[in-house]
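The sequence shown lines up with residues 1 to 681 when you count with the UniProt record's numbering.
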Amino acid sequence: MTDARLLQDIHKHTFHKGAVWLAIYSLLVGCGVTYSMFTPYHTASGLTRGAWMSVSQGAMEVGVFNATWTALVALLVAAVNVPATLAWLRSTARLRVYSCIGGVLLSWSVTFAGAGKILTGAEFVDPVPRYWVNYFVYQSCRWIPVLLFFSALVAWLFSAVILLLQGKRQSSRNTHDDDQTLTARTMGKRFSQAWWHAWRWARPLFNSFRARNVFLVALAVFVLWLPWGFLMWPANIGPDTIAQLVWYRTGHAWDPSSRQYLPSQYAMSDHHPWLTTLLYGWFDSFGVQIGNEALGLWLLAALHMVLLAIAFGIMITYCSSRPGLSWKFGVVATLFCMLVPIYGRLAMSVVKDLTFLPFFITWSVMYVEYIRRVRMGNKLGFWFLAGFYALAIVCGLTKKVGIYVIAASLVLLVIFLRRRVVTGIVLVLVMATSFAIPKVAYPLLHIYPGGKQEMMAIPLQQSAAVLIRFGNSMDAQDKRAIEAVYSCSPEELRDRFTTGTSDDSKDCFNHEATGEQVGAFFKAWIHEGLEHPGTYFDAVPWVYAPFLVNGVYDEGFFVHWGWPDKGGDMILPQYREHELSSQQETGEETYYVMRGTPVLSLFMSEGFYALWLPVLAILLCLALRRYHNLLYLLPTMITMGSMIIQPMHQFRYTWPLAFEAVLVAATAFMVLTRRTRDAKQ
Numbered sequence: 001m002t003d004a005r006l007l008q009d010i011h012k013h014t015f016h017k018g019a020v021w022l023a024i025y026s027l028l029v030g031c032g033v034t035y036s037m038f039t040p041y042h043t044a045s046g047l048t049r050g051a052w053m054s055v056s057q058g059a060m061e062v063g064v065f066n067a068t069w070t071a072l073v074a075l076l077v078a079a080v081n082v083p084a085t086l087a088w089l090r091s092t093a094r095l096r097v098y099s100c101i102g103g104v105l106l107s108w109s110v111t112f113a114g115a116g117k118i119l120t121g122a123e124f125v126d127p128v129p130r131y132w133v134n135y136f137v138y139q140s141c142r143w144i145p146v147l148l149f150f151s152a153l154v155a156w157l158f159s160a161v162i163l164l165l166q167g168k169r170q171s172s173r174n175t176h177d178d179d180q181t182l183t184a185r186t187m188g189k190r191f192s193q194a195w196w197h198a199w200r201w202a203r204p205l206f207n208s209f210r211a212r213n214v215f216l217v218a219l220a221v222f223v224l225w226l227p228w229g230f231l232m233w234p235a236n237i238g239p240d241t242i243a244q245l246v247w248y249r250t251g252h253a254w255d256p257s258s259r260q261y262l263p264s265q266y267a268m269s270d271h272h273p274w275l276t277t278l279l280y281g282w283f284d285s286f287g288v289q290i291g292n293e294a295l296g297l298w299l300l301a302a303l304h305m306v307l308l309a310i311a312f313g314i315m316i317t318y319c320s321s322r323p324g325l326s327w328k329f330g331v332v333a334t335l336f337c338m339l340v341p342i343y344g345r346l347a348m349s350v351v352k353d354l355t356f357l358p359f360f361i362t363w364s365v366m367y368v369e370y371i372r373r374v375r376m377g378n379k380l381g382f383w384f385l386a387g388f389y390a391l392a393i394v395c396g397l398t399k400k401v402g403i404y405v406i407a408a409s410l411v412l413l414v415i416f417l418r419r420r421v422v423t424g425i426v427l428v429l430v431m432a433t434s435f436a437i438p439k440v441a442y443p444l445l446h447i448y449p450g451g452k453q454e455m456m457a458i459p460l461q462q463s464a465a466v467l468i469r470f471g472n473s474m475d476a477q478d479k480r481a482i483e484a485v486y487s488c489s490p491e492e493l494r495d496r497f498t499t500g501t502s503d504d505s506k507d508c509f510n511h512e513a514t515g516e517q518v519g520a521f522f523k524a525w526i527h528e529g530l531e532h533p534g535t536y537f538d539a540v541p542w543v544y545a546p547f548l549v550n551g552v553y554d555e556g557f558f559v560h561w562g563w564p565d566k567g568g569d570m571i572l573p574q575y576r577e578h579e580l581s582s583q584q585e586t587g588e589e590t591y592y593v594m595r596g597t598p599v600l601s602l603f604m605s606e607g608f609y610a611l612w613l614p615v616l617a618i619l620l621c622l623a624l625r626r627y628h629n630l631l632y633l634l635p636t637m638i639t640m641g642s643m644i645i646q647p648m649h650q651f652r653y654t655w656p657l658a659f660e661a662v663l664v665a666a667t668a669f670m671v672l673t674r675r676t677r678d679a680k681q
C-alpha cells in the first residue's frame with residue numbers, strides 16, 4: 001500500500017543539482033575519503049609526532065601511490081557524493097538522523113580497522129605513552145570525511161528503497177535533468193528489463209514456498225559450492241574438533257582448560273557439545289573401518305554442505321514468497337549465496353559452530369513465521385510448534401550459546417508480542433528440556449560437566465589485567481577476592497596474559513573456588529571496573545573486533561591441527577599439523593585471489609555481516625516505519641550482543657550473522673500477506 005508519508009520523507013526540501021558549493025563540498029569529501037583509504041590506522045601510542053605533523057605524514061603516505069589513481073578515486077567518490085548528498089538534503093530530519101547514525105557506525109568500522117593491537121602481559125603492565133591529541137586530530141581527519149560520505153550514502157539508500165517500494169521512480173526526476181541524464185536512465189531501465197526477462201524462467205521457483213522449490217534452490221546452491229568440497233579435501237579440522245575426535249576414539253577425555261586428564265570414567269567433556277562429539281566421532285570411526293579416514297571426515301563435511309544448502313533453500317524460497325518479497329529477490333539471493341565464496345569454503349569446516357548453522361537458520365525462518373502468524377491472527381498449529389521446539393533443542397545441543405540466543409529471543413517475544421501464554425509455554429519447555437537432557441545424558445554417556453570458567457571469560461580476563469597492572473596499588477580486599485579464584489600467581493598471570501584471548505586467564509581459574517569466593521570475586525570485579533574502566537577496555541579488544549572491516553572470513557587452510565601432546569596426531573596421521581592437502585593448496589590460491597577482488601572482498605569481510613548488514617536492516621525498518629519488523633531481527637541483534645561474552649575473537653563466532661545474511665536483508669521488506677496459511681497460493 002502506498003504511503004504518502006514516505007515520499008514526503010525524501011522530498012521534504014528541493015535543491016539545485018548544479019550548485020557550485022555542492023561540487024566543491026563533494027570534491028573535498030572525495031579527497032578526504034581518499035586520504036582515509038590510503039592511510040593506516042595508528043594507535044595513540046604510535047603517533048609520536050605533533051598533531052598536524054601526523055596528518056601531513058599521512059598525506060605523504062597517500063602521495064606514495066600513483067597520483068593518477070589517487071585522483072581518479074577522489075573524483076569517483078566526489079561524483080557519487082553529489083546525488084547522495086542531495087538525497088540527504090532532501091530528506092526529513094527523521095531520515096537524516098537515521099542516516100547519520102548509520103554513517104557513524106559504518107565509518108567507524110572502516111576508519112578504525114586495525115584497532116586493538118595484541119599485547120603480551122609485559123607490554124600490558126608497562127604501556128607506552130599515548131599521544132591523545134595527535135591521535136584525535138589524525139583520526140578525525142580520517143574519520144570525518146568517511147562519516148559524511150557514508151551518512152549521505154545511507155540517505156541515498158533510504159531514498160532508493162522508498163522510491164522502489166512506492167513504484168514512483170518517475171517522481172524522483174528533477175525538472176532540470178538534461179538529455180544525457182534522461183538517456184542514461186532510459187538505458188538503465190532497458191538493461192534492467194532485459195536482465196529480468198532473461199531470468200523469467202526462474203519466477204515459479206520463488207513464487208511459492210514448496211518442498212520442490214526448496215529442493216531445486218538447494219540443489220543449485222550445492223552444485224555451485226561443490227568445487228569447494230574438492231578444493232578443501234578432506235576438510236578443515238581445528239583443535240576443538242581434534243579433541244572431540246580423540247575423546248571418541250580413546251574413550252578418555254581431558255579438561256581443555258586445565259589440560260589435565262579427567263578421571264577414567266569420563267569418555268567426553270561437555271566443554272564441547274557432546275552431541276557433536278558423537279557425530280564427528282562416528283564419521284571418523286566409519287572412515288577408519290573402511291580403510292579411508294579422510295573419506296569418512298570428508299563425508300562429514302559434505303553432510304554439512306548438504307544441510308546448509310537445504311537451509312539456504314528454505315531461507316531463500318521462504319523470504320521470496322510468504323513475506324511478500326518479489327521473486328527477483330529470490331534470484332538475487334540465490335546468486336549471492338552461490339557466488340560469494342565464503343559459504344562454500346566455510347561449509348567444509350568440521351566444527352560445532354558450523355554444525356549448529358543449518359538448524360539455527362531454519363529455526364530463525366520459523367521464528368519469523370511464528371511472529372507473522374501471531375500478528376495476522378493465524379493458527380500456529382501443533383506440528384509447526386513441535387518443529388519450532390525441536391529445532392531450538394538441537395541448536396542448544398550443537399552450540400551452547402545458541403540456546404541462550406534462542407531463549408532471549410523468546411523472552412522478548414513474551415514482552416512484545418501477543419499470545420504470550422503460548423510463547424511462554426514454548427520458552428519454558430525449551431529451557432526445561434535443555435536442563436533435563438544433561439541430567440540423563442551425562443551419566444549415561446560418561447560426560448564430564450563443563451567448567452564454570454567458560455561463562456566467566458570476560459571477568460577473569462579483566463580482573464587479571466587489573467591485577468597485573470595495579471596489583472601493588474589496588475584495594476587490598478579486592479585483591480584478595482580476585483586472587484582467590486586464580487590458581488596462578490600474579491607473576492604467572494603476567495607471563496601468560498595476552499589481550500588476544502582470555503584462554504590463559506580462564507586456564508588459571510581455581511576450580512576449587514567456593515560459591516562464596518566466586519561471589520566476592522564478582523563484587524571486586526565490578527568495583528575495580530569502576531576504578532579502572534580503561535584497563536578493562538584495553539584487556540578485551542576482541543569484543544569490538546568483529547565489527548571492524550579488518551579482513552575476510554578465513555579460518556586458515558589446513559587439514560588439521562591441535563593437541564599433538566594428547567594424541568591429536570593420531571587423526572589423519574598422513575598429514576602433519578597445519579599441513580595443506582594438495583587440493584587445499586589450489587583452494588588457498590583461489591580464495592586469496594577472490595579476497596583481493598574489489599566489491600567481492602567486501603562481501604567476504606566479517607564486518608559487513610557483523611555490523612553493516614544488521615545496522616542497515618534496522619535503520620531501513622525505522623526509515624520505512626515498519627517498526628514491528630524489528631521483531632524479526634531480535635535473534636540477529638542478540639547474536640551481535642553475544643560477542644561481548646566470547647573468550648576471544650574468532651571468525652566462527654559471527655558465522656550465524658554471515659549465513660543468515662539473506663534473512664537479515666529481507667526483514668525490512670517483509671509485509672503481512674495471506675500466503676501464511678497456504679504455502680501453495
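Glycine included, each C-beta is placed from N, C-alpha and C at the ideal position.
Since the structure is predicted, the reported quantities are computational estimates derived from the model, not experimental observations.
Considering only residues of the same chain and omitting the five flanking positions on each side of residue i, which have a CB-CB separation below 6 Å?
| i | result |
| --- | --- |
| residue 719 | Outside the shown range of the chain, which is 1 to 681, sits residue 719, and nothing can be said about it. |
| I393 | T433 |
| F669 | L325 |
| H271 | P256 and G450 |
| D177 | For D177, the pLDDT reaches just 48, beneath the cut-off of 50, and the residue's location in the model is therefore unreliable, leaving the point undetermined. |
Mind checking which residues open and close the alpha helix (DSSP H) that includes residue i?
| i | result |
| --- | --- |
| T586 | S582 to R595 |
| W327 | W327 to L339 |
| F158 | W132 to Q166 |
| I310 | E293 to C319 |
| H272 | It is not in any alpha helix (DSSP H) - H272 carries neither H nor E in the DSSP assignment. |
| T70 | A67 to R90 |
| E483 | A476 to E483 |
| M640 | L634 to G641 |
| M670 | No alpha helix (DSSP H) holds M670; DSSP gives it neither H nor E. |
| E492 | P490 to R496 |
| Q461 | A457 to F470 |
| K523 | G515 to E531 |
| P656 | W655 to F659 |
| R419 | No alpha helix (DSSP H) holds R419; DSSP gives it neither H nor E. |
Which same chain residues, not among the five before or five after residue i, have their C-beta less than 7 Å away from its C-beta?
| i | result |
| --- | --- |
| F222 | M305, V306 and A309 |
| Q461 | S502, S505, A539 and V540 |
| T667 | A617, C621, N629, Y632 and L633 |
| L635 | Note that residue 635 is Pro in the sequence shown here, rather than Leu. Excluding residues within five positions, the ones whose Cβ falls inside 7 Å are S364, Y367, V405 and S409. |
According to DSSP, is residue i part of a helix, a strand, or is it coil?
| i | result |
| --- | --- |
| D126 | coil |
| N236 | strand |
| I290 | coil |
| F112 | coil |
| F209 | coil |
| F435 | helix |
| A679 | No answer about A679 holds up, because its pLDDT of 36 lies below 50 and its placement is not dependable. |
| Y41 | coil |
| M648 | strand |
| S473 | coil |
Per DSSP, residue i is paired with what?
| i | result |
| --- | --- |
| Q260 | D255 |
| H560 | I237 |
| V552 | S605 |
| T120 | T498 |
| I447 | M268 |
| M376 | In DSSP, M376 forms no bridge with anything. |
| V246 | In the DSSP output, where bridge partners are listed per residue, V246 has none listed. |
| Y486 | F509 |
Which same chain residues end up closer than 8 Å to residue i when comparing Cβ atoms and leaving out the 5 residues on each side of it in sequence?
| i | result |
| --- | --- |
| P239 | W561, G562, W563 and G568 |
| L165 | L6, L624 and F669 |
Of the choices the options, whose alpha-carbon is the least far from that of residue i?
| i | options | result |
| --- | --- | --- |
| T501 | F329, L119, L548 and G551 | L119 |
| F112 | P598, S409, Y544 and F558 | Y544 |
| L548 | E577, T654 and A19 | T654 |
| I342 | V80, R595 and A87 | R595 |
| A243 | R259, D495, V82 and D554 | R259 |
| F522 | L412, V33, L572 and A457 | A457 |
| F659 | R142, T362, S321 and L6 | T362 |
| Q517 | E483, L600, E492 and T535 | E483 |
| A235 | S192, I144, R94 and W298 | W298 |
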